[in-house]
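Student: This is the structure I want to talk about, given as structure tokens.
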Ligand SMILES: [Fe+2]
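Structure, rendered in structure tokens:
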């Protein structure tokens, strides 16, 4: 926390809420914790506190986004979409699947696909395509590379098709706050891609030094509506 900040915690909360109102509640609370305006008792981890909060408040369903023309059925389950020597910044994506009551949805199937570094889809095989199953905690994760841009689309993106028994099918896409198209200001510029109808789908990116390289890490949680 900035020690020179003379604002009260309430003032900082109000300012933060105004600035960050587009963020998910979970992101907002994480930022509040980082600023020191939110704390949890020592007996509870911050993640557990957030889970408890989410369960008590309910959650908005993840916004729908187009399926697009490059979906292919039958992608094999792989956690490592990147092949040795592939161009592009390494990318780690992880998240959990919830329902709108904030309950974990274990066993959801997440079909995921994106382009290579040059913005090309694999239309004959399954490179950069996978079909994952969320574990008992609703968690999923995969390793890949940051997708490229391609002429028909403005922004880098990862496609998701998520299904779980008793829930509505979700088609959506993940975007990256670091996309050059946003010029460092996704709040103002996310509509440069006309297909991005919700700022919620543009996720923060954390760069982490890893094995002599830099990996981009993104959290993308999915909230399904009950059928
Ligand atoms: Fe696409």
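In this note's numbering, the protein residues as written are -19 to 207.
Note that beta-carbon positions come from the ideal geometry of N, C-alpha and C, so glycine has one too.
(1) Quick one: Cα of residue 10 to Cα of residue 103, how far?
(2) Using a threshold of 6 Å, is the CB atom of residue 48 nearer than that to any non-hydrogen atom of ligand 1?
(3) Can you find at least 3 beta carbon pairs, one from the segment 11 to 24 and one from the segment 168 to 185, that sit closer than 8 Å?
(4) What residue ranges within the segment 87 to 134 form continuous beta strand (DSSP E) runs of no fewer than 3 residues, ordered along the chain?
(5) Beta strand (DSSP E) containing residue 143: first to last residue?
(6) How many Å lie between residue 75 and residue 25 at the Cα?
(7) Using three-state DSSP, classify residue 79 as helix, strand or coil.
(8) How should residue 154 be labelled, buried or exposed, when 16 other C-beta atoms within 10 angstroms of its C-beta is the threshold for buried?
(9) Taking residue 124 as the reference, give the member of 132, 190, 73 and 87 with the closest Cα.
(10) List the residues that DSSP assigns as beta-bridge partners of residue 60.
(11) Could you check the C-alpha separation between residue 137 and residue 205 for me, to the nearest Å?
(12) Short of 8 Å in beta carbon distance, which residues of its chain neighbour residue 51, apart from the five on each side in sequence? Order them along the chain.
(13) Applying the criterion that 16 or more other CB atoms from any shown protein chain within 10 Å of the CB defines a buried residue, is residue 159 buried or exposed?
(14) Does the distance from the C-beta atom of residue 203 to that of residue 39 stay below 7 Å?
(15) Once you ignore the five residues that flank residue 187 on each side, which residues in its own chain have a CB closer than 8 Å to its CB?
(16) Measure the C-alpha to C-alpha separation of residue 101 and residue 133 and round it to an integer number of angstroms.
(17) In chain order, what residues of the same chain have a beta carbon less than 6 Å from the beta carbon of residue 253, not counting five sequence neighbours either side?
Tutor: Considering the structure as presented:
(1) As a working mapping, residue 10 is identified with position 30 in the chain shown. As a working mapping, residue 103 is identified with position 123 in the chain shown. Approximately 39 Å, taken between the alpha carbons.
(2) Position 68 of the chain shown, counted from the first residue, corresponds to residue 48. Indeed, a heavy atom of ligand 1 lies less than 6 Å from the Cβ.
(3) no
(4) 89 to 93, 109 to 113 and 119 to 125
(5) By one-based count along the chain shown, residue 143 stands at place 163. Start and end: 138 to 143.
(6) For the purposes of this step, residue 75 is identified with residue 95 of the chain shown, where counting begins at 1. For the purposes of this step, residue 25 is identified with residue 45 of the chain shown, where counting begins at 1. Taking the straight line from one Cα to the other gives about 17 Å.
(7) Counted from its first residue, the chain shown places residue 79 at position 99. Note: residue 79 maps to strand in three-state DSSP.
(8) The residue labelled residue 154 in the question sits at position 174 within the chain shown. Flag for residue 154 reads buried.
(9) The sequence position of residue 124 within the chain shown is 144, counting from 1. It is 73 whose Cα lies nearest to the Cα of residue 124.
(10) In the chain shown, the residue the question calls residue 60 occupies position 80. Paired residues: 123.
(11) Residue mapping note: residue 137 aligns to position 157 of the chain shown, counting from 1. Residue mapping note: residue 205 aligns to position 225 of the chain shown, counting from 1. So the alpha carbons of these two residues sit roughly 23 Å apart.
(12) On the chain shown, residue 51 is found 71 positions in, with the first residue counted as 1. Apart from sequence neighbours up to five positions away, the residues of its chain that approach residue 51 with a beta-carbon distance below 8 Å are 91, 93, 139 and 141, ordered along the chain.
(13) Mapped onto the chain shown, residue 159 falls at position 179. By the neighbour-count rule (16 or more Cβ atoms within 10 Å), residue 159 is buried.
(14) Position 223 of the chain shown, counting from 1, holds the residue named residue 203. Position 59 of the chain shown, counting from 1, holds the residue named residue 39. Contact flag set, yes.
(15) Taking the first residue of the chain shown as position 1, residue 187 is located at position 207. Counting only Cβ-Cβ distances below 8 Å, and skipping sequence neighbours, we find 194, 195, 196 and 197.
(16) Walking along the chain shown from the start, residue 101 turns up at place 121. Walking along the chain shown from the start, residue 133 turns up at place 153. The straight-line gap from Cα to Cα measures roughly 13 Å.
(17) There is simply no residue 253 to check, as the chain begins at -19 and stops at 207 in what is shown.
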